[in-house]
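Undergrad:
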Amino acid sequence: MSIKANKETYDGVWMPRRDFFTRMTWFTFHSAVVGTLVASVRLMFPKVLFEPPMSFRAGFPEDYQVGEISERWKKRQRTWIVRTEEGFYALSGKCTHLGCTPNWLPAENKFKCPCHGSGFYPTGINFEGPAPRPLERFRVTVAEDGQLLVDKSRVFRQEAGEWNNPDAFLRLKA
Amino acid sequence: MALISSLRSRVQATEFYRSVFRHGYSGTERNRYRTVLTNVFLHLHPLRVPRSSLRFTYTWGLGGISLLLFLVMLITGVLLMFYYAPDSRRAYDDMKDLEFAVAFGMFMRNLHRWAAHAMVITVWLHMLRVFVTAAYKKPRQFNWVIGVALLVSTLLLSFSGYLLPWDQIAFWAITVGTNMATATPVLGAEGPFSLVGYDNDLRFVILGGRFVGQSALLRFYVLHCLALPLVAAVLMAVHFWRVRKDRFSVRVSSLAAEKQAAAGQAAKVDVWPHLVSREFLAMVLTLVVLVGWSLLVDAPLEEVANPNNTPNPAKAPWYFLGLQEMLVYFDPWIAGVVLPSLIIIGLAVIPYVDPNPHGVGLYGFRHRPYTISVFLAGFLLWVVLILIGQFFRGPGWNWYWPWESWEIDKPIYAKGTDFPWYVGAPVLLLYCGTALYLPRRLWPTVFVGLSSGKYVIVMGLLAVMVSLPIKMALRLLLNVHYVLVTPWFKI
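Below, the structure written as structure tokens:
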């Protein structure tokens, strides 16, 4: 930079014109580079996803028996619907360790992940293997037509205290 | 014969021939140099190399063989692309067509698959060789870093190619692999100190969606066929160029000879024909083995990918089994993100934290007992992890001896005991303190020439490496689940 070398010459001048333009040019160049990089990174995040909708109708409450871990929607929606005395909850079929699909083992009354051996109680609470936290639950409500409506985009985590949220458990009126 | 030789000399006299090959074939020094200098493919070579650098028992030809395998995959990959569409609805059918309907389709796929496996091995062994002969030392430090980057590219190329057959193992290996990205600190939705959600975290951008589907297949296809090969090719060009510019390391048999070699006094021979002919021989022999293997053994293809049915056990490709085995002992973000990063960083900094300038070109344990021991221990640890994952893990990732049937139901390994924090925290602190303080105190001569900063880096990395077998022993023998449990991480 010529600023130092010519200090006397440019006394009282904030910045020589040549240095000013040099810096502005480099600034423009680097802004363009950074801007292009940001644009390229943003491009990699899709705005529209061609994936199946995140909510589905799971039939009428009467279709389920009390105490049943229903595997009816596991294949298509990767979700278990559980009917208890009080009502319904929807369990995510995605192991909280690394995302494999656990299997429901009725004989042992537990979910068991085939990948790394994590085990979960019917409530979704983890009790063995490397899974760090319980299975997630989805929002269950009743749609206008009386069917169960499961919204997989709304997730409730036990360890965050979210299972107490009214949407995490569909309480049936007695 | 006379006819052929007269024909040859007439062809060689034509203007066309002389415009292609500007030099004669006779073995004069001038012709030898011009052969290398005027050929775009040969000119990455120098004109002359130290005679002892060419000894097969010095380099084992591992770098060159790795390049050859890369080229084999470039050619077979292009051929396979003619019959493969990255469309999740038909990708698996295309694989079946390659096996049964395309002439030599299966053979090309075999070549591609086995070359990939072989390249992972040769790249690892190449690194081992360069380390043991200290060829990474001044002035070749940065080329070692490029080499580490090439190792990472090789593994990423394998990983990205793994999804393309769209069979069960492809789908689930990539599901498990990319879910590790969810556990990345800050950038992953489930990682500690996360700033992002499932719809914009690292895993989302790798897959281009919420789960492994069409966009993930397209992304992996583009990465595998275009982006990563380009990166690898550029890195290779830099790597080879620097091998030449930093001069070949010279095979020596003593420290005195090493000094001579460093001064450039080693006896040299012409690259053409001495090096080029050896490269040709290595190429032919490697191809013979590879083609033979591909004729005898078919690359596996499992059932079509099914997101609802996870195979048990779901194993990663063998070269990633070390990673998968580490997942058993630590949180996903530690085993899947922190430890792999530390391994890569640790490898890359080796030339800069090794204060010992000696041993270049020497298969000499005596001159560098500690560095070689540590590196070999790390290498061996990695191999052991892979062997455990491959041969000792069965359904549920339970421990099965190789002679045991997987039909036997194993008692599920119960969640072991955690140390309470008032035991775990002091134990960890004591471990770190001991690792950083004691060695220099006890064996000051070992660390001569190492500044305090570098000492901390070296011993920190070493402490992490040693902690792995310790944690494995605690888990496998004493059923200790975690040493320290905090709300943010478990160790």
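In order, the protein sequences belong to chains A and B. In this text, residue positions in the first sequence follow the numbering used here: the first is 1, and each later residue adds one. In this text, residue positions in the second sequence follow the numbering used here: the first is 1001, and each later residue adds one. By construction, the Cβ of each residue, glycine as well, lies at the ideal position given by its N, Cα and C atoms.
Since residue 1201 of chain B and residue 1182 of chain B should fall inside the 8 Å C-beta cutoff, what is the C-beta to C-beta distance between them, to a whole number of angstroms?
TA: At roughly 6 Å, the Cβ-Cβ gap stays under 8 Å, so residue 1201 of chain B and residue 1182 of chain B are in contact.
Undergrad: Using 10 angstroms around the beta-carbon of residue 1153 of chain B, count the other beta-carbons present and answer buried if the total reaches 16, otherwise exposed.
TA: Its Cβ being crowded by 16 or more others within 10 Å, residue 1153 of chain B is buried.
Undergrad: Let me see if you follow: with CB-CB separation under 8 Å, is residue 106 of chain A close to chain B or not?
TA: Chain B contact via Cβ: absent.
Undergrad: Skipping 5 residues on each side, what residues in its chain have a beta carbon closer than 7 Å to that of residue 1215 of chain B?
TA: 1207, 1208, 1209, listed in sequence order.
Undergrad: Can a CB atom of chain B be found closer than 8 Å to the CB of residue 161 of chain A?
TA: By this cut-off, residue 161 of chain A is not an interface position.
Undergrad: When DSSP labels each residue in this structure, what does residue 1560 of chain B get in the three-state scheme?
TA: The displayed coordinates of chain B run from 1001 to 1491. Any statement about residue 1560 of chain B would go beyond what the structure contains.
Undergrad: Please decide whether residue 117 of chain A counts as near chain B, where near means a Cβ-Cβ distance under 8 Å.
TA: At least one chain B Cβ lies under 8 Å of residue 117 of chain A.
Undergrad: Is residue 1523 of chain B helix, strand or coil when you go by DSSP?
TA: Because chain B spans 1001 through 1491 in this model, residue 1523 of chain B falls outside it and cannot be assessed.
Undergrad: State yes or no: is the beta carbon of residue 47 of chain A nearer than 8 Å to at least one beta carbon in chain B?
TA: It does not; no Cβ of chain B falls within 8 Å.
Undergrad: Have a look at B/1433, B/1031, B/1308, B/1452 and flag the residue whose alpha-carbon is nearest the alpha-carbon of residue 1463 of chain B.
TA: Here the closest residue by C-alpha is B/1433.
Undergrad: What are the uninterrupted segments assigned as beta strand (DSSP E) that are 3 or more residues long and contained completely in the segment 59-125 of chain A, given in chain order?
TA: DSSP runs (the beta strand (DSSP E)) wholly in the segment 59-125 of chain A: 79-83, 87-92, 103-105, 110-112.
Undergrad: Could you pull the start and end residues of the alpha helix (DSSP H) that residue 1005 of chain B belongs to?
TA: Segment 1002-1013, the alpha helix (DSSP H) holding residue 1005 of chain B.
Undergrad: Roughly how many angstroms lie between the CA atoms of residue 1319 of chain B and residue 1465 of chain B, to the nearest whole one?
TA: Roughly 18 Å between the two C-alpha positions.
Undergrad: Flag this pair as yes or no: are the beta carbons of residue 97 of chain A and residue 1332 of chain B separated by less than 8 Å?
TA: It is a contact, given that the beta carbons lie within the stated cut-off.
Undergrad: Which residues mark the beginning and the end of the beta strand (DSSP E) in which residue 55 of chain A is found?
TA: That run of the beta strand (DSSP E) goes 55-57.
Undergrad: Where does residue 46 of chain A sit, in a helix, a strand or coil, going by DSSP?
TA: Three-state result, residue 46 of chain A: coil.
Undergrad: Looking only at C-alpha atoms, which of B/1373, B/1438, B/1199, B/1325 sits nearest to residue 116 of chain A?
TA: Ranking the options by Cα distance to residue 116 of chain A, first place goes to B/1325.
Undergrad: Does the structure place the segment 97-107 of chain A close enough to the segment 136-151 of chain A that three or more beta carbon pairs sit under 8 Å?
TA: Touching, no, given that fewer than three Cβ pairs across the two stretches are closer than 8 Å.
Undergrad: Please list the segments of the beta strand (DSSP E) lying wholly inside the segment 1124-1175 of chain B, counting only runs of 3 or more residues, in order along the chain.
TA: Entirely contained in the segment 1124-1175 of chain B, not one beta strand (DSSP E) run reaches 3 residues.
Undergrad: To be precise: take each residue of the segment 1311-1332 of chain B, compare its Cβ to all Cβ atoms of chain A, and keep it if any distance is under 8 Å. Which residues remain?
TA: Answer set for the segment 1311-1332 of chain B: 1311, 1312, 1313, 1314, 1327, 1328, 1331, 1332.
Undergrad: Per the DSSP calculation, residue 1050 of chain B is bridged to which residue(s)?
TA: In the DSSP output, where bridge partners are listed per residue, residue 1050 of chain B has B/1268.
Undergrad: When the Cα of residue 1148 of chain B is compared with those of B/1163, B/1256, B/1120, which residue comes out closest?
TA: Cα-wise, what sits closest to residue 1148 of chain B is B/1120.
Undergrad: Between the C-alpha atoms of residue 1105 of chain B and residue 1086 of chain B, what's the straight-line distance to the nearest angstrom?
TA: Using only the alpha carbons, I get a separation of about 17 Å.
Undergrad: Here's the rule I'm using: 16 or more other beta-carbon atoms within 10 Å means buried, otherwise exposed. How should residue 1297 of chain B be labelled?
TA: The residue is exposed, with fewer than 16 neighbouring Cβ atoms inside 10 Å.
Undergrad: Does any residue of chain A bring its CB to less than 8 Å from the CB of residue 1395 of chain B?
TA: Residue 1395 of chain B counts as touching chain A.
Undergrad: Does the segment 151-162 of chain A come close enough to the segment 59-71 of chain A that 3 or more CB-CB pairs lie under 8 Å?
TA: Touching, no, given that fewer than three Cβ pairs across the two stretches are closer than 8 Å.
Undergrad: Decide if the segment 1475-1484 of chain B is in contact with the segment 1416-1423 of chain B; the criterion is three or more beta carbon pairs, one per stretch, under 8 Å apart.
TA: The segment 1475-1484 of chain B, when compared against the segment 1416-1423 of chain B, does touch it at the 8 Å Cβ threshold.
Undergrad: From residue 1255 of chain B to residue 1132 of chain B, what distance separates their C-alpha atoms?
TA: Spanning the two alpha carbons is a distance of roughly 15 Å.
Undergrad: Hey, is residue 50 of chain A's beta-carbon within less than 8 Å of any beta-carbon in chain B?
TA: Interface residue, yes.
Undergrad: Out of curiosity, what's the CA-to-CA distance linking residue 1442 of chain B and residue 1362 of chain B?
TA: When rounded, the distance between both Cα atoms is 29 Å.
Undergrad: For residue 1491 of chain B, which three-state DSSP category applies?
TA: Three-state DSSP puts residue 1491 of chain B in coil, outside helix and strand.
Undergrad: Let me know the secondary structure DSSP gives residue 1 of chain A once reduced to three states.
TA: Low confidence applies to residue 1 of chain A: its pLDDT is 49, below 50, so where it sits in the model is not reliable enough to give any reading.
Undergrad: Measuring straight from C-alpha to C-alpha, what distance separates residue 1189 of chain B and residue 1321 of chain B?
TA: Rounded to the nearest angstrom, the two C-alpha atoms are 24 Å apart.
Undergrad: Would DSSP call residue 1438 of chain B helix, strand or coil?
TA: Residue 1438 of chain B falls in the helix class under three-state DSSP.
Undergrad: For a contact meaning CB atoms closer than 8 Å, what does residue 101 of chain A contact in chain B?
TA: Under the 8 Å cutoff, chain B gives 1307, 1308, 1309, 1310.
Undergrad: Taking just the CA atoms, how far does residue 1203 of chain B sit from residue 1195 of chain B?
TA: For residue 1195 of chain B and residue 1203 of chain B, the distance between alpha carbons rounds to 13 Å.
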